[in-house]
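Peer 1: Residue 1 is where the sequence shown starts when you use our numbering, and the numbers rise one by one after that.
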Amino acid sequence: MSDLKQTLTDIAKVLVDHPEEVAVVETEDEEGVILTLSVAEGDMGKVIGRHGKIAKAIRTVMKSAANKDGRRVTVDIE
């Protein structure tokens, strides 16, 4: 498991009520790494937050982590 995938998994598991249902799928394209985060339906609001503030914060942290390695990352939440 890559460091970026593990970092996103760890962040999401802390935020949700059902950490066993957190899943992150990592794919790569020409622009960089794409991480797709899936959580239990009832936990979706906890990951997105009011007006998307938590989702934006997660994306900011992940971009910082990727920049450290000179990579680009996109986080999709579904």
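Backbone N, C-alpha and C fix where the C-beta goes; we use that ideal spot for every residue, glycine too.
As the structure is a prediction and not an experimental result, all values here were calculated from the model.
Pop quiz: Ile54 and Val47 are said to be a contact at Cβ under 8 Å. What is the actual Cβ separation, rounded to whole angstroms?
Peer 2: That pair is a contact at about 6 Å.
Peer 1: Among Asn67, Ala12, Ala65 and Lys68, which one has its Cα closest to the Cα of Thr36?
Peer 2: When only C-alpha atoms are compared, the closest one is Ala12.
Peer 1: What number of angstroms, rounded off, separates the C-alpha of Asp69 from the C-alpha of Val16?
Peer 2: Going from the Cα of Asp69 to the Cα of Val16 covers about 28 Å.
Peer 1: Which class does Glu21 belong to by DSSP, given the choice of helix, strand or coil?
Peer 2: Three-state result, Glu21: helix.
Peer 1: Are the beta-carbon atoms of Ala66 and Val73 separated by less than 7 Å?
Peer 2: Going by C-beta atoms, Ala66 is nearer than 7 Å to Val73.
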